[in-house]
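Participant: Supplied in structure tokens, the structure appears directly below.
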Amino acid sequence: MKLIKRLRVKTSAHVRLTKIATDETPGCRDKETAQEQLADTLAELPKLQYRLFAENRRAVLVVLQAMDAAGKDGVVRHVMSGLNPQACRVTSFKVPSALERQHDFLWRIHQAVPPAGEIGVFNRSHYEDVLVARVRKLVPPAVWKARFQMINDFERYLTENGVTVVKFFLHISRAEQAQRLDARLADPARNWKFTPADIEERRLWDDYQAAYEDVLSRCSTPWAPWHVVPADHKWYRNWAVAEVLRQAMRKMDLQFPPPRHDARDLRRRLAAQEAGKC
Ligand code: ATP
Ligand code: MG
Numbered sequence: 226m227k228l229i230k231r232l233r234v235k236t237s238a239h240v241r242l243t244k245i246a247t248d249e250t251p252g253c254r255d256k257e258t259a260q261e262q263l264a265d266t267l268a269e270l271p272k273l274q275y276r277l278f279a280e281n282r283r284a285v286l287v288v289l290q291a292m293d294a295a296g297k298d299g300v301v302r303h304v305m306s307g308l309n310p311q312a313c314r315v316t317s318f319k320v321p322s323a324l325e326r327q328h329d330f331l332w333r334i335h336q337a338v339p340p341a342g343e344i345g346v347f348n349r350s351h352y353e354d355v356l357v358a359r360v361r362k363l364v365p366p367a368v369w370k371a372r373f374q375m376i377n378d379f380e381r382y383l384t385e386n387g388v389t390v391v392k393f394f395l396h397i398s399r400a401e402q403a404q405r406l407d408a409r410l411a412d413p414a415r416n417w418k419f420t421p422a423d424i425e426e427r428r429l430w431d432d433y434q435a436a437y438e439d440v441l442s443r444c445s446t447p448w449a450p451w452h453v454v455p456a457d458h459k460w461y462r463n464w465a466v467a468e469v470l471r472q473a474m475r476k477m478d479l480q481f482p483p484p485r486h487d488a489r490d491l492r493r494r495l496a497a498q499e500a501g502k503c
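The opening residue of the sequence shown carries number 226 in the numbering used here; numbering runs sequentially from there.
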């Protein structure tokens, strides 16, 4: 619980990202400990997922936001890997399509919210509409400013309808991002999807950080809190996200539904059938 308190953004906090270290590892001593504990968490998550599926009343929504190369994909790979894909879906939100643009900004988001029994992961999310939309001036300030309240209301609505919302901002330093981008560019297996736009985005680092500060300050609510995860160390990032998710799911107190039939009677009938009596 201590970990969650440290990473969780208090409601109405005035977040200054420069004051939050990107390379610290609160709650975890070293890489070795993190890997041991991560293995333990990764073994428990599918069990919690199984209960969620069996209960079939509530859902979990994990929101991942970050600057490029901070590790959204890495989290999906390392933290969600042990889950049963039948009851887990990842949605990556890209530049809205023509159809999506004809709707309100939450339209496509709502459609991707996981149904009861499932875990949904948003790789980028509705927050892009107060991040890139603001930084790139895709809409006037009055439009994106009004969205904070809409987002809080929407997330409250989801929560009241049985969706547990857990949000992560993966916090890396500018220098760490440069190193990772360069490593990607140097690797033919990874540079294929790189575009000049990625470098252009980086030029707007300060604007994005300011936009993230507003997001974290204004949209960390009691019902859908943000967690700022120092993400320069990949091992810490994975460990922390997994741990926060585990604790959030434990807190749901997921229950198997009561049996719909008398199991003892059914076993008796099964045994009788096997014995060729009926
Ligand atoms: P990766 O590069 O690791 O595959 P990514 O999430 O960066 O993952 P891209 O296809 O490179 O995927 O980029 C998606 C782009 O879509 C981002 O630049 C993001 O800002 C943009 N985007 C997402 N949602 C919106 C939105 N609502 N309005 C405008 N742009 C958006
Ligand atoms: Mg990209």
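Cβ coordinates follow ideal geometry from the N, Cα and C atoms, glycine included. Model, not experiment: these values are computed from the prediction.
(1) List in chain order: all unbroken alpha helix (DSSP H) runs of 4+ residues lying wholly within the segment 382 to 466.
(2) Could you give the DSSP three-state label for residue 245: helix, strand or coil?
(3) Could you check which residue in 475, 348, 471 has the C-alpha nearest to that of residue 294?
(4) Could you check what DSSP says for residue 295 in three-state terms: helix, strand or coil?
(5) Pair every Cβ in the segment 270 to 278 with every Cβ in the segment 468 to 488, then say whether three or more of these pairs are closer than 8 Å.
(6) For residue 415, verify whether its CB is less than 7 Å away from any heavy atom of ligand 1.
(7) How about residue 395: is its C-beta nearer than 8 Å to some C-beta of chain B?
(8) With residue 278 as the anchor, note down where its beta strand (DSSP E) starts and where it stops.
(9) Per the contact definition of three or more C-beta pairs closer than 8 Å, is the segment 358 to 366 in contact with the segment 443 to 463?
(10) Can you look up residue 379 in the DSSP assignment and give me helix, strand or coil?
(11) Compare the beta carbon distance of residue 460 and residue 337 with 8 Å and say whether it is the shorter of the two.
(12) At what residue ranges does the segment 317 to 372 contain a whole run of the alpha helix (DSSP H), taking only runs of 4 or more?
(13) Identify which residue in 287, 406, 414 has its Cα closest to the Cα of residue 568.
(14) Considering just the uninterrupted stretch of the alpha helix (DSSP H) at residue 494, what are its terminal residues?
(15) Tell me the rounded alpha-carbon separation between residue 399 and residue 454.
Facilitator: On the basis of the supplied data:
(1) 399 to 411, 421 to 428, 430 to 443
(2) coil
(3) 348
(4) coil
(5) yes
(6) no
(7) No chain B appears in this structure, which consists of one protein chain only.
(8) Not the beta strand (DSSP E): residue 278 falls in the alpha helix (DSSP H), residues 256 to 280.
(9) no
(10) helix
(11) no
(12) 323 to 326, 332 to 337, 357 to 360
(13) The structure shown has nothing for residue 568, since the chain only spans 226 to 503.
(14) 488 to 499
(15) 15 Å
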